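Participant:
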Amino acid sequence: WADPEYVRRFAESTHLYNGEGFEVVEPMATKMQDHPHDAKPFELLKPERQYYDWEFERYWHFFQVFGRVGYNPDTPPEVWQREFQTRFAKEAAPYIEQAIHRASKILPRIVAYTYPYNMFPTTRGWGEKQRMKDLPEYAKALPSDTQQFLSIDNAAKYRLEGKDSAQFTPEESSRWFADISKDVLDLVAQAERRIGKNRNKEFVSTATDLEILAYLALYHSHRAKAGLSYALFKHSKDLNALDDAIEYETNAIGAWEKLVAAAADMYCDNLAMGRSSANLTDHWRDELPKLKTGLQKLRDQRKAFKPDASDAGPTIVHVPIRKAVPGKDLVVRATVGAKSDIEKVTVDYRLGSRKRLPATMKKTGPFTYSAVIPGDKVREGLSYSVGVRDQDGQWAAISGIDVIVTNDNEPPTVNHNHITSAPAEKPLTITATVTDPSGVKWVRLRYRSVTQFEDYKSLDMTETDTEGQYNVTVPGKDIVSKYDFMYLIEVMDNKGNGAIYPDLENQTPYVIVKLQR
Numbered sequence: 102w103a104d105p106e107y108v109r110r111f112a113e114s115t116h117l118y119n120g121e122g123f124e125v126v127e128p129m130a131t132k133m134q135d136h137p138h139d140a141k142p143f144e145l146l147k148p149e150r151q152y153y154d155w156e157f158e159r160y161w162h163f164f165q166v167f168g169r170v171g172y173n174p175d176t177p178p179e180v181w182q183r184e185f186q187t188r189f190a191k192e193a194a195p196y197i198e199q200a201i202h203r204a205s206k207i208l209p210r211i212v213a214y215t216y217p218y219n220m221f222p223t224t225r226g227w228g229e230k231q232r233m234k235d236l237p238e239y240a241k242a243l244p245s246d247t248q249q250f251l252s253i254d255n256a257a258k259y260r261l262e263g264k265d266s267a268q269f270t271p272e273e274s275s276r277w278f279a280d281i282s283k284d285v286l287d288l289v290a291q292a293e294r295r296i297g298k299n300r301n302k303e304f305v306s307t308a309t310d311l312e313i314l315a316y317l318a319l320y321h322s323h324r325a326k327a328g329l330s331y332a333l334f335k336h337s338k339d340l341n342a343l344d345d346a347i348e349y350e351t352n353a354i355g356a357w358e359k360l361v362a363a364a365a366d367m368y369c370d371n372l373a374m375g376r377s378s379a380n381l382t383d384h385w386r387d388e389l390p391k392l393k394t395g396l397q398k399l400r401d402q403r404k405a406f407k408p409d410a411s412d413a414g415p416t417i418v419h420v421p422i423r424k425a426v427p428g429k430d431l432v433v434r435a436t437v438g439a440k441s442d443i444e445k446v447t448v449d450y451r452l453g454s455r456k457r458l459p460a461t462m463k464k465t466g467p468f469t470y471s472a473v474i475p476g477d478k479v480r481e482g483l484s485y486s487v488g489v490r491d492q493d494g495q496w497a498a499i500s501g502i503d504v505i506v507t508n509d510n511e512p513p514t515v516n517h518n519h520i521t522s523a524p525a526e527k528p529l530t531i532t533a534t535v536t537d538p539s540g541v542k543w544v545r546l547r548y549r550s551v552t553q554f555e556d557y558k559s560l561d562m563t564e565t566d567t568e569g570q571y572n573v574t575v576p577g578k579d580i581v582s583k584y585d586f587m588y589l590i591e592v593m594d595n596k597g598n599g600a601i602y603p604d605l606e607n608q609t610p611y612v613i614v615k616l617q618r
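Per the working numbering, the sequence shown starts with residue 102, numbered consecutively.
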């Protein structure tokens, strides 16, 4: 791990409340933790793979960025680029450097977007090596950053209820992990093509680590979708969502198998970084049987599950489609339960106030049905309903599902002058310019004192007489003198695209206001 931009932002944040410095825990800090004191320390890399005298030498760039950039955020990149060229030759060095900096974003994002609560302590969780439990537990875990990331479980509830959120969704996290996985693998491939006769043990070890991280990201890309699908099944009882979860979990296991293949024989077979009971030992390959056992449990759950059915008539459950691409066929699925034989299952759809068009849903598996709304009907104004009738003439339906049909996936643009100083216990007006081609649906201010003992509060920002300008006044009673003040802005457009300002990807995702006391 080594990311100079991360260190710059981290070091800047340590000045909060006039902080004068920081400490970092060195890599391998928990090696042999909770193992007998007279046990022989294991060697991280297999003897034939080692290229150093001391293991900490592997992490030279970690110490370099924290030591140099942490002291001087304007440290020129030439400082470490010379070292990269010495170790990996001029032709391959830039690609290894870029790959390390890119891959170093993966582990912080894994911890941020979803992390089982009992894995938070360093001596209980190990995001680099652990599969993060079976899928049902993964799906109900909370983000460690609950302001920036929408939990998998809440994302499922919001989908079913038709609510929107400006937070990073599991689908967005999945795309983020997939993109960064591809980026890192591409950079490693570029370095492989250029290393030539300069290939050495450090290059092979570094490339292996980068591939492990890339496939770990790919694993979470699939697992984020698996977790969301499982949560959708849990709350809706739509078996189609469980089928999706099984498919995505299968893909996640495939990514983990690639990780194991990349690790190959590079590392010790027992990476004893903590107590065995906390799963802080063994090797990546030892997670595979657990993953496959968990997958079989999902398949058994699918086989055993039966939808609700009663004498009152058939039942139908369905995960609503909230957004679609214009002109592309739209597959609508549902799960049906009934004591009597089913006469028909249908989806009725319409554009605006036009006449409804029916389509028969065909059986695709035990209790599951599917139909296609043709692409030429997938246009703005689309809505649909699903229904089932049994042979006794009893009927059940879910109606009034509106679909946002758009190619627009861009959130509103926010322009705002940060407020960095303000008097304590006085009302504070915050203004921002928010624009979007599809129209702005809402703008919200989230704020609290700079203390983790408080939750964020929300205020709706309203448009002023100036087009695109929104403001709100925070009451003085919420700006207490004991702490400084912090805020961020959430925005949503009319096409379901949300964002948080400041943008986590580019800057500290909140604004600190130093109070005048």
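Built from N, CA and C at the ideal position, the CB exists for glycine as well.
Here the structure is a predicted model, which is why all the values come from computation and not from measurement.
For the beta strand (DSSP E) containing Y485, name the first residue and the last one.
Facilitator: 483-491
Participant: State the start and end residues of the unbroken beta strand (DSSP E) segment that holds E564.
Facilitator: Start and end: 558-564.
Participant: Which residue comes first and which comes last in the beta strand (DSSP E) that contains P459?
Facilitator: Counting along the chain, P459 sits inside the beta strand (DSSP E) bounded by residues 458-461.
Participant: Within the continuous beta strand (DSSP E) that includes K542, where are the two ends?
Facilitator: The continuous beta strand (DSSP E) containing K542 extends over residues 541-550.
Participant: Beta strand (DSSP E) containing Y470: first to last residue?
Facilitator: Where Y470 is concerned, the enclosing beta strand (DSSP E) stretches over 469-474.
Participant: For L381, which residues in the same chain have their Cβ closer than 6 angstroms to its Cβ, ignoring the five residues on either side in sequence?
Facilitator: W227, M374, G375
Participant: Please state the DSSP three-state secondary structure of I499.
Facilitator: strand
Participant: What separation, rounded to the nearest whole angstrom, lies between the Cα atoms of A325 and V108?
Facilitator: If you take the alpha carbons of A325 and V108, they lie about 27 angstroms apart.
Participant: Distance, Cα to Cα, L208 vs D449?
Facilitator: Distance between the alpha carbons of L208 and D449 is about 45 angstroms.
Participant: Within 8 angstroms, do at least three Cβ pairs link the region 280-300 to the region 261-272?
Facilitator: A contact between stretches requires three or more CB pairs, one per stretch, nearer than 8 angstroms, and the region 261-272 fails this requirement with the region 280-300.
Participant: Tell me, please, whether the region 578-596 touches the region 205-225 by the rule of three or more beta-carbon pairs shorter than 8 angstroms.
Facilitator: Judged by Cβ distances under 8 angstroms, the region 578-596 makes no contact with the region 205-225, as fewer than three pairs qualify.
Participant: Taking Y571 as part of the beta strand (DSSP E), name the residues at either end of that continuous run.
Facilitator: 570-575
Participant: CB-CB under 6 angstroms to S559, same chain, minus the five flanking residues each way: which ones, in chain order?
Facilitator: R545, R547
Participant: Shorter than 7 angstroms, the distance from the beta carbon of Y214 to the closest heavy atom of the ligand COA, or not?
Facilitator: Inclusion of the ligand COA in the displayed structure is not the case, the ligand content being empty and no account of it being possible.
Participant: What is the residue span of the alpha helix (DSSP H) that V166 lies within?
Facilitator: Counting along the chain, no alpha helix (DSSP H) covers V166, and no H or E run does either.
Participant: If you draw a straight line from the alpha carbon of D412 to that of S441, how long is it in whole angstroms?
Facilitator: CA-CA distance, D412 to S441, rounds to 9 angstroms.
Participant: What's the call for L286, buried or exposed, on a 16-neighbour Cβ count within 10 Å?
Facilitator: Buried: at least 16 other Cβ atoms inside 10 Å.
Participant: For a quick check, are the C-beta atoms of H517 and Y602 less than 8 angstroms apart?
Facilitator: It is a contact, given that the beta carbons lie within the stated cut-off.
Participant: Do the CB positions of L616 and A525 come within less than 8 angstroms of each other?
Facilitator: yes
Participant: Quick check: the Cα distance between R183 and T609, rounded to an integer number of angstroms?
Facilitator: Here the alpha carbon of R183 sits roughly 29 angstroms from the alpha carbon of T609.
Participant: Use the C-beta contact count for S114: other C-beta atoms within 10 angstroms, 16 or more gives buried, fewer gives exposed.
Facilitator: exposed
Participant: Which stretch, first to last residue, makes up the beta strand (DSSP E) that contains L616?
Facilitator: 612-617
Participant: Closest to H419 by CA distance: which of G355, K338, K141, Y349 is it?
Facilitator: It is K338 whose Cα lies nearest to the Cα of H419.
Participant: Under 8 angstroms by Cβ, that's how I've got I201 and A292 pegged, so tell me the actual separation to the nearest angstrom.
Facilitator: In fact, because the Cβ distance is near 10 angstroms, the residues do not count as touching under 8 angstroms.
Participant: For the beta strand (DSSP E) containing F586, list its first residue and its last residue.
Facilitator: Looking at the DSSP string, the run of the beta strand (DSSP E) that includes F586 is 586-594.
Participant: Across which residues does DSSP place L261 in a beta bridge pair?
Facilitator: None, per the DSSP bridge assignment.
Participant: What do you get for A425, buried or exposed, if any count of 16 or more other CB atoms within 10 angstroms of its CB means buried?
Facilitator: Burial call: buried.
Participant: Report the option in Y331, G328, A363, T351 whose CA atom is closest to the CA atom of D310.
Facilitator: A363
Participant: Measure the Cβ-Cβ separation of Y320 and A356 and say whether it is below 8 angstroms.
Facilitator: yes
Participant: Am I right that A498 and G488 are in contact with their C-beta atoms under 8 angstroms? What's the rounded C-beta distance?
Facilitator: For a cut-off of 8 angstroms, the C-beta gap from A498 to G488 is around 4 angstroms, short enough to register as a contact.
Participant: Going by DSSP, what residues sit across from K464 in a beta bridge?
Facilitator: Y470
Participant: Have a look at F250 and K391 and give me their C-alpha separation to the nearest angstrom.
Facilitator: Here the C-alpha atom of F250 lies approximately 27 angstroms from the C-alpha atom of K391.
Participant: So does the region 428-439 actually touch the region 457-470, counting three or more Cβ pairs closer than 8 angstroms?
Facilitator: yes
Participant: If you scan the region 112-149 from start to end, which runs of the alpha helix (DSSP H) of 4 or more residues do you find wholly inside it?
Facilitator: none
Participant: Would you mind sorting A130 into buried or exposed? The rule is 16 or more other CB atoms within 10 Å of its CB.
Facilitator: exposed
Participant: What are the start and end residues of the alpha helix (DSSP H) that includes K302?
Facilitator: Start and end: 302-337.
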